[in-house]
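In order, the protein sequence lines correspond to chains A and B.
Numbering-wise (my numbering), the first sequence opens with residue 1 and increments by one.
Numbering-wise (my numbering), the second sequence opens with residue 1001 and increments by one.
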Amino acid sequence: MAKLAAHRQTLLWAAMVLATLVSWSLSAERAFTDSTARTLTTIAILAVACVKIRFIGLDFMELRRAPLPLRLIFEGWVLGVFTVLVVLYLTKV
Amino acid sequence: MSTAPETAATRGDGATRPPGPPPRHVPGEVGIWVFIVGDLTAFGVFFCAFMYAHGKHRALFEASRRHLTVGFAVTNTILLLTSSLLVAMAVRAARTGSRRWAPPLITGAIGCALGFVASKVLEYSDKLHHHITPTTNLFYTYYFVLTGIHLLHVLLGIMVLLVLRHVTSRAPGRSDTLIVEVGASYWHMVDVLWILLFPVLYLVR
């Protein structure tokens, strides 16, 4: 069991849990007094989520060792969704 | 801490198989990845539709978002991250051919998933108690639909994990590694969807 736990995946899990708590803290009420700070913080929170997803894909779903086209499709989805979400968020309709 | 890539060495001595997959390996098989990419794309479109609507109705969406209990969502995120770790460990354990650790690890993942479902039931009950329903306004339509569809994925995932627990606890069969990898890939997808759904619904202001 110790051998199963002593693995990169466990370290990534701990980092992702910490990142979740940091994102929660960043989005709290007290953090926002001006719109620029709010905008940048929101984009940062979305970026953190996409970085988490990337690590889940590469290290939990084992795409790091998958054929390159499959890995690129996944990474392309992550980057594409992040980009479109940020553009839509920044666009004032 | 093991960080070196695990490779399938040629073994001629009848020892148990090494824990890592062979290089350039499709986890599971191509079919599950067609499904995963399709589901990720569908949810990607849903998230973008939400963000578009957020841009059009910022005040309404922000006022509605403030009634969400972010603590539920943070708990759910940690539960799903933990379940993914346990499933990933179970896959590595199953590859060794040993039946000792994979079943309890998958049981742990199922426990996390049931915790997620319980948290969701509490969260929905709280909303309904405050007369907040899918028809209250556009934000809550998105909230209930997106989290509801995701919850259906979690419920299906629990059944998948139950199958994996059975497969890893009985006598090994020839397709076991493939079955475990397919099921694990589906479960990680459920986690991925929530990791993005959480900030988009609960944290974006």
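All C-beta atoms, glycine included, are put in the ideal place defined by N, C-alpha and C.
Owing to the predicted nature of the structure, the values given are computational and were not obtained by experimental measurement.
List the residues of chain A that residue i touches, going by C-beta distances under 9 Å, in chain order.
i       : result
B:T1177 : Within chain A, no residue comes near B:T1177; the closest Cβ sits about 12 Å away, beyond 9 Å.
B:I1195 : M16, T20, A49, C50, K52, I53, I56
B:V1204 : S27, T42, I45, L46, L85, Y89
Nearest CA to the CA of residue i: which residue from the options?
i       : options                            : result
B:H1067 : B:P1172, B:G1148, B:H1150, B:Y1140 : B:Y1140
B:L1114 : B:L1146, B:L1080, B:V1037, B:R1092 : B:L1080
A:S35   : B:E1029, B:V1034, B:W1033, B:R1058 : B:R1058
A:V48   : A:S23, A:V84, A:I56                : A:S23
B:L1203 : A:A2, A:R71, A:L12, A:T39          : A:T39
A:T42   : B:D1039, B:L1040, B:T1041, B:H1054 : B:H1054
Run through DSSP, which three-state label would residue i get?
i       : result
B:H1150 : helix
B:H1129 : helix
B:H1067 : coil
A:H7    : strand
B:N1076 : helix
B:H1025 : coil
B:V1117 : helix
A:R64   : helix
B:G1055 : helix
A:V17   : helix
B:A1008 : Low confidence applies here, because B:A1008 scores a pLDDT of 41, under 50, leaving its location unreliable and the question unanswered by this model.
B:P1172 : coil
For residue i, which residues from the same chain have a beta carbon less than 7 Å from its beta carbon, with the 5 sequence-adjacent residues on both sides left out?
i       : result
B:H1150 : L1193, W1194, L1197
B:F1043 : L1193
B:P1172 : G1097
B:P1027 : E1181, S1185
Please compile the residues from chain B whose C-beta is within a distance smaller than 7 Å of the C-beta of residue i.
i     : result
A:V17 : I1078, L1081
A:L4  : M1089, R1092, A1093, W1101
Note down, in chain order, each residue of its chain lying with its Cβ closer than 6 Å to the Cβ of residue i, except the 5 sequence neighbours on either side.
i       : result
B:G1157 : W1187, V1190
B:S1119 : F1072, T1075, N1076
A:C50   : V78, F82
B:V1070 : Y1202
B:P1005 : With a pLDDT of only 48 at B:P1005, under 50, the local geometry of the prediction cannot be trusted, and no value is derived from it.
Counting only Cβ pairs nearer than 7 Å, list the residues of chain A close to residue i.
i       : result
B:L1047 : This sequence places Phe at residue 1047 of chain B; Leu is not what is there. What B:F1047 touches in chain A: V81, L85.
B:A1113 : Result: empty, since nearest Cβ-Cβ is about 15 Å, beyond 7 Å.
B:L1040 : W77
How would you list, in chain order, the residues of chain B whose beta-carbon sits under 9 Å from the beta-carbon of residue i?
i     : result
A:P67 : R1024, H1025, V1026
A:T36 : Correct list: empty, because the minimum Cβ distance to chain B is about 13 Å.
Legend entry - 4-residue-minimum alpha helix (DSSP H) runs that sit fully inside the stretch 22 to 58 of chain A, ordered along the chain: 35 to 55
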